[in-house]
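Novice: One point on numbering: in the working numbering, the residue at position 91 of the sequence shown is 134, and numbering is uninterrupted.
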Amino acid sequence: MELLANLREHILNSPLKIKPEDLLTFANDGQITSHQGDVNDHFSISYDAKIIVTDYTGSADTLFYIVLQWLKANNANHSTTPIRFNADIINHKTSDVEIIVNLEENVGANPVEGGIQLVHNGVKPIDICPLSAINWQLFIAPDPDPVAEWIETGE
44 MELLANLREH ILNSPLKIKP EDLLTFANDG QITSHQGDVN DHFSISYDAK
94 IIVTDYTGSA DTLFYIVLQW LKANNANHST TPIRFNADII NHKTSDVEII
144 VNLEENVGAN PVEGGIQLVH NGVKPIDICP LSAINWQLFI APDPDPVAEW
194 IETGE
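#1: With distance defined between alpha-carbon atoms, name the residue in 100, 110, 156 and 118 nearest to residue 132.
#2: Between the C-alpha atoms of residue 121 and residue 148, what's the straight-line distance to the nearest angstrom?
#3: In chain order, which beta strand (DSSP E) runs of at least 3 residues are fully inside the stretch 61-86?
#4: Please identify the residue among 44, 50 and 84 whose C-alpha is closest to the C-alpha of residue 158.
#5: Excluding the 5 residues preceding and the 5 following residue 114 in the sequence, name in chain order all residues of the same chain whose CB lies nearer than 6 Å to its CB.
#6: Quick check: what's the CA-CA separation for residue 74 versus residue 183?
#7: When the Cα atoms are used, what is the spatial distance from residue 63 to residue 89?
#8: So if DSSP puts residue 151 in a beta bridge, which residue, or which two residues, is it bridged to?
#9: Compute the distance between the beta-carbons of residue 68 and residue 47, then report whether it is under 8 Å.
#10: What residue ranges within the stretch 90-129 form continuous alpha helix (DSSP H) runs of no fewer than 4 residues, ordered along the chain?
#11: Whose CA, out of 86, 95 and 54, lies closest to the CA of residue 71?
#12: What number of angstroms, rounded off, separates the C-alpha of residue 128 from the C-alpha of residue 107?
#13: Within the continuous beta strand (DSSP E) that includes residue 181, where are the two ends?
#14: Can you tell me which of 162, 110, 116 and 180 puts its alpha carbon nearest to the alpha carbon of residue 150?
#15: Measuring only the C-alpha atoms, how far is residue 59 from residue 118?
#16: First and last residue of the alpha helix (DSSP H) that includes residue 52?
So, in structure tokens, the structure goes:
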């Protein structure tokens, strides 16, 4: 559950000045998905990461923004509604804020001399950038012929 540890560290290092003793982190409702096969022993770990900030005096919006920025960089395949939350308003200045985020980590099982090395990949961000190609063709392997194409005609 490296992503949860990484998210905890991100929150503690943010400008919010949250103290470690005021930040509780849990992994709930976890599930392992096996991708085993003849040459593939990889698996995925998915879980609800529960982050509780106690005695929080800042804006909940700022806390949500910090978590959203971390998600954008570390778990890009998240849903469009990635954060669920609960808040206990203690008084006019202080609240306990619970944030729940679904996280998924891919774990590669790579053979090494004398055993297996497990490598946590997380779900890497998708690099989205505009492409400058004018003509497009879509191929589905192993068929060498395109299944679709778009060609700019200049009209």
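Yeah, the Cβ is synthetic: ideal placement off N, Cα and C, and Gly gets one too.
Nothing here was measured: the structure is a model prediction, and the numbers come from that model.
Specialist: The relevant details are as follows:
#1: Walking along the sequence shown from the start, residue 132 turns up at place 89. Cα-wise, what sits closest to residue 132 is 100.
#2: As a first step, residue 121 must be located in the sequence shown, where it is residue number 78. As a first step, residue 148 must be located in the sequence shown, where it is residue number 105. Distance between residue 121 and residue 148, taken at the CA atoms: about 12 Å.
#3: As far as the stretch 61-86 is concerned, its whole beta strand (DSSP E) runs of at least 3 residues are 66-77.
#4: For this step, residue 158 is matched to residue 115 along the sequence shown. For residue 158, the nearest C-alpha among the options comes from 84.
#5: The residue labelled residue 114 in the question sits at position 71 within the sequence shown. Exclusion of the five residues before and after residue 114 leaves 121 and 125 as the residues of its chain whose Cβ lies within less than 6 Å of its Cβ.
#6: Taking the first residue of the sequence shown as 1, we reach residue 74 at position 31. Taking the first residue of the sequence shown as 1, we reach residue 183 at position 140. Answer to the nearest angstrom: the Cα atoms are 32 Å apart.
#7: The residue you call residue 63 lines up with position 20 of the sequence shown. The residue you call residue 89 lines up with position 46 of the sequence shown. Distance between the alpha carbons of residue 63 and residue 89: 24 Å.
#8: Here residue 151 corresponds to residue number 108 of the sequence shown, with the count starting at 1. Its beta-bridge partners are 162.
#9: Taking the first residue of the sequence shown as 1, we reach residue 68 at position 25. Taking the first residue of the sequence shown as 1, we reach residue 47 at position 4. Yes; because the gap between Cβ atoms is below 8 Å, this pair is in contact.
#10: If we require 4 residues or more, the alpha helix (DSSP H) runs fully inside the stretch 90-129 come out as 103-117.
#11: What you label residue 71 is simply residue 28 of the sequence shown in a count that begins at 1. In terms of Cα proximity to residue 71, the closest of 86, 95 and 54 is 95.
#12: Working through the sequence shown from its first residue, we reach residue 128 at position 85. Working through the sequence shown from its first residue, we reach residue 107 at position 64. The straight-line gap from Cα to Cα measures roughly 9 Å.
#13: For the purposes of this step, residue 181 is taken as residue 138 along the sequence shown, with counting starting at 1. Per DSSP, the continuous beta strand (DSSP E) segment holding residue 181 begins and ends at 179-181.
#14: Here the question's residue 150 lines up with position 107 in the sequence shown. If we check each option's Cα against that of residue 150, 162 comes out closest.
#15: As a working note, residue 59 is residue 16 in the sequence shown. As a working note, residue 118 is residue 75 in the sequence shown. The straight-line gap from Cα to Cα measures roughly 22 Å.
#16: Taking the sequence shown and counting its residues from 1, the one referred to as residue 52 is at position 9. If you look at residue 52, you'll find it in the alpha helix (DSSP H) that goes 45-55.
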